[in-house]
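Under UniProt numbering, think of the first position of the sequence shown as 1, with each following residue one higher. Every residue, glycine too, gets a C-beta built ideally from N, C-alpha and C. Each remark here refers to the structure printed beneath this line.
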Amino acid sequence: MPFSTIPRSKTPFRCKANPVGTSISTLEEICSVPVTVTCTDNRNPETFDLVNRKGWIHFVGIGGCGLSALAMLALKQGFEVSGSDILWSSFMDGLQEAGARLHIGHSVLNVQRNNGSGLPDAVVVSSAIPQENVEILHAKSVGVPVYKRDYWLGKLTHHYNLIAVSGSHGKSTTASMLAYVLSAMGDDLTAVVGAHVPQFVGGNNILGGGPNFVLEADEYDSCFLGLSPYIAVVTNVDWEHVDIFQDEEAVKTIFRRFLEKIRAGGHLILCGDSVGAYSLLDRGKQAPVADSSNGVVSLPSSEICGDSYRITTYGISSFNEWHASSVCPNSQGGSDYILCHKGHPVADISLQIPGVHNVLNSLAVIAAVMALAGDQRQIYESIDCLRLHLNNFRGVSRRFEKIGTIYRCHIYDDYAHHPTEVRAVLLAVRQKFPLKALLVVFQPHTYSRLAAMKNDFATALADADQIVVTTIYAARETNIWNVSGRDLATSIMGPPAEFIPSLVYLNYGF
């Protein structure tokens with residue numbers, strides 16, 4: 001959606017031991033975050049060996065943000081990698097440069113070589129690929145193990161200290177920010193996120209030798225149910241992926257199942273300001289605490305949930321264990337706020353990325369880092385290091401990404417494709433440019449989403465001064481809803497809105 005070397009702290013940052021399974025820990029250099037890794041012994045041996053890092057892995061749907069990150073990680077780990085997709089994507093450029101064999105279009109020939117005598121050791125399949133795909137069928141017919149992305153992620157992360165960042169919105173930015181901050185603090189972690197991060201050498205992944213693994217955990221097609229996180233972050237819960245989930249309650253159901261996957265002795269980091277996320281908590285344990293600022297009630301933070309895992313809430317509202325007060329714009333175009341812990345001011349935080357939604361994302365990162373540390377006495381000792389790296393984080397590609405300036409008009413690109421996301425990014429634009437007019441060019445993403453949320457999109461987009469709506473990006477869908485971008489344009493009340501049938505008009509005639 002277009003619209004107009006890191007210094008280290010002097011204080012060691014130590015962590016608590018993971019109470020589950022066999023503990024392995026190492027103390028890194030100053031301002032590092034060593035955390036023990038859990039190795040449980042109750043899993044059956046798997047067909048494909050991920051530990052020895054030998055063999056050929058073929059990825060079906062390799063051009064997507066999720067699978068491309070896994071493919072790049074496999075290349076870094078020493079595996080031979082091939083993959084296929086129906087169209088070339090920007091993610092495939094880096095994969096090809098790194099040595100992956102890539103194919104456009106799906107064919108039996110993609111999963112064999114040497115006249116059919118050579119076969120991959122494993123095939124990993126994107127959630128968007130139908131099971132009748134010819135490469136999947138052929139692999140199964142010749143006995144090659146085929147793994148959906150959810151099961152593969154479970155195998156990949158099982159022996160790590162997994163920090164899984166989930167939520168309907170903000171997963172990519174929060175996971176990227178967390179991985180960046182931990183890495184900058186000296187943690188030799190591994191990370192996989194679903195977006196390009198300019199500050200990551202690998203683009204959308206980091207391969208480290210330590211026990212921590214930061215993962216963007218996706219609810220689409222129940223993908224995150226294959227995980228067993230030590231720390232789970234839930235940024236919010238909203239009705240999303242309308243092609244999969246009938247309503248918001250269906251989304252909540254899948255998130256509740258995800259919380260059941262948290263390891264015993266682990267930690268849940270949850271945004272208390274999100275009504276949907278808060279509803280996942282068991283309100284029967286203690287009397288909720290009311291907060292008049294947003295009408296949300298909260299479970300007292302850091303409560304043990306059924307003697308299984310600890311809960312920490314964060315948000316703008318003061319009832320949260322970690323909360324932001326006095327949020328205001330700063331000279332960098334981002335936000336400043338006072339970080340508070342259990343009602344007590346801890347530090348002044350300054351971000352260079354704009355929007356209240358990014359304030360929330362940074363609070364999730366702070367809560368997760370402190371959960372890893374375990375010893376709350378280190379909060380005041382390590383906060384200077386943490387706040388420095390939060391300020392140095394420059395964001396994620398296609399998340400309020402500046403792509404140019406023409407005649408004093410600043411042009412930004414954002415992947416916002418849900419009414420909640422559109423509303424958040426337009427508020428961020430107003431924060432950064434309070435005196436400028438705002439023109440939004442919006443391409444709806446999938447027919448099903450627009451059909452289900454047309455009125456919500458119209459309301460969110462009405463915050464702009466002028467709107468142009470283009471044709472719908474179909475992705476994997478056909479238009480059985482008989483909906484169009486023109487329908488959305490005519491539904492927007494207030495500012496002028498028009499429909500342009502092709503992006504070509506924007507390039508040559510707008």
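Bounding residues of the alpha helix (DSSP H) (the contiguous stretch that carries residue i)
{"i": "R101", "result": "Where R101 is concerned, there is no enclosing alpha helix (DSSP H), although the beta strand (DSSP E) it sits in stretches over R101 to I104."}
{"i": "A257", "result": "For clarity, residue 257 is Arg in the given sequence; the question names Ala instead. Per DSSP, R257 belongs to the alpha helix (DSSP H) from E248 to L259."}
{"i": "F442", "result": "First-last for F442: L439 to F442, but that is the beta strand (DSSP E), not the alpha helix (DSSP H)."}
{"i": "H138", "result": "V134 to S141"}
{"i": "Y180", "result": "K171 to A184"}
{"i": "K148", "result": "No alpha helix (DSSP H) holds K148; the beta strand (DSSP E) holding it covers V146 to K148."}
{"i": "A324", "result": "No alpha helix (DSSP H) holds A324; the beta strand (DSSP E) holding it covers W322 to P329."}
Neighbour-count burial assignment, residue i, 16 or more Cβ in a 10 Å radius
{"i": "I163", "result": "buried"}
{"i": "residue 517", "result": "Limits of the chain in this structure are 1 at one end and 510 at the other, which puts residue 517 out of reach."}
{"i": "S331", "result": "exposed"}
{"i": "G143", "result": "exposed"}
{"i": "G494", "result": "exposed"}
{"i": "K140", "result": "exposed"}
{"i": "E240", "result": "buried"}
{"i": "W152", "result": "buried"}
{"i": "T174", "result": "buried"}
{"i": "F213", "result": "buried"}
{"i": "D247", "result": "exposed"}
{"i": "H58", "result": "buried"}
{"i": "E321", "result": "buried"}
{"i": "L270", "result": "buried"}
{"i": "E421", "result": "buried"}
{"i": "T190", "result": "buried"}
Extent of the continuous beta strand (DSSP E) to which residue i belongs
{"i": "C409", "result": "C409 to D413"}
{"i": "N455", "result": "From DSSP, N455 is part of no beta strand (DSSP E) but of the alpha helix (DSSP H) over Y447 to L461."}
{"i": "H267", "result": "G266 to C271"}
{"i": "Y309", "result": "Y309 to G315"}
{"i": "F91", "result": "F91 -> not in any beta strand (DSSP E); alpha helix (DSSP H) instead, spanning S90 to A98."}
{"i": "L162", "result": "N161 to S166"}
{"i": "D336", "result": "S335 to H341"}
As assigned by DSSP and simplified to three states, the class of residue i
{"i": "Q199", "result": "coil"}
{"i": "P354", "result": "coil"}
{"i": "P229", "result": "coil"}
{"i": "G54", "result": "It should be pointed out that residue 54 corresponds to Lys in this sequence rather than to Gly. It is coil, neither helix nor strand."}
{"i": "F433", "result": "coil"}
{"i": "E421", "result": "helix"}
{"i": "T405", "result": "strand"}
{"i": "V192", "result": "strand"}
{"i": "N212", "result": "strand"}
{"i": "Q77", "result": "helix"}
{"i": "P113", "result": "This sequence places Arg at residue 113; Pro is not what is there. Strand at R113."}
{"i": "F59", "result": "strand"}
{"i": "V275", "result": "helix"}
{"i": "V365", "result": "helix"}
{"i": "V234", "result": "strand"}
{"i": "N392", "result": "helix"}
{"i": "A71", "result": "helix"}
{"i": "E498", "result": "strand"}
{"i": "S484", "result": "coil"}
contact_flag[the stretch 97–112, the stretch 189–198] where n(CB pairs < 8 Å) is 3 or more: no
Stretch-stretch touch, CB-based, cutoff 8 Å, three pairs: the stretch 378–394 with the stretch 181–192: Short answer: they touch.
The stretch 429–443 / the stretch 320–336 touching (three or more Cβ pairs under 8 Å): The stretch 429–443, when compared against the stretch 320–336, does touch it at the 8 Å Cβ threshold.
Meets three-Cβ-pair contact criterion under 8 Å: the stretch 124–137 and the stretch 92–102: A contact is defined here as three or more CB-CB pairs under 8 Å, and the stretch 124–137 fails this definition with respect to the stretch 92–102.
The stretch 215–227 touching the stretch 75–82, judged by at least three CB pairs closer than 8 Å: Contact between the stretch 215–227 and the stretch 75–82 is absent, because fewer than three Cβ pairs lie under 8 Å.
The stretch 227–246 / the stretch 128–138 touching (three or more Cβ pairs under 8 Å): With a cut-off of 8 Å on Cβ pairs, the stretch 227–246 is not in contact with the stretch 128–138, counting fewer than three such pairs.
The stretch 444–463 contacting the stretch 406–418, beta-carbon criterion three pairs below 8 Å: yes
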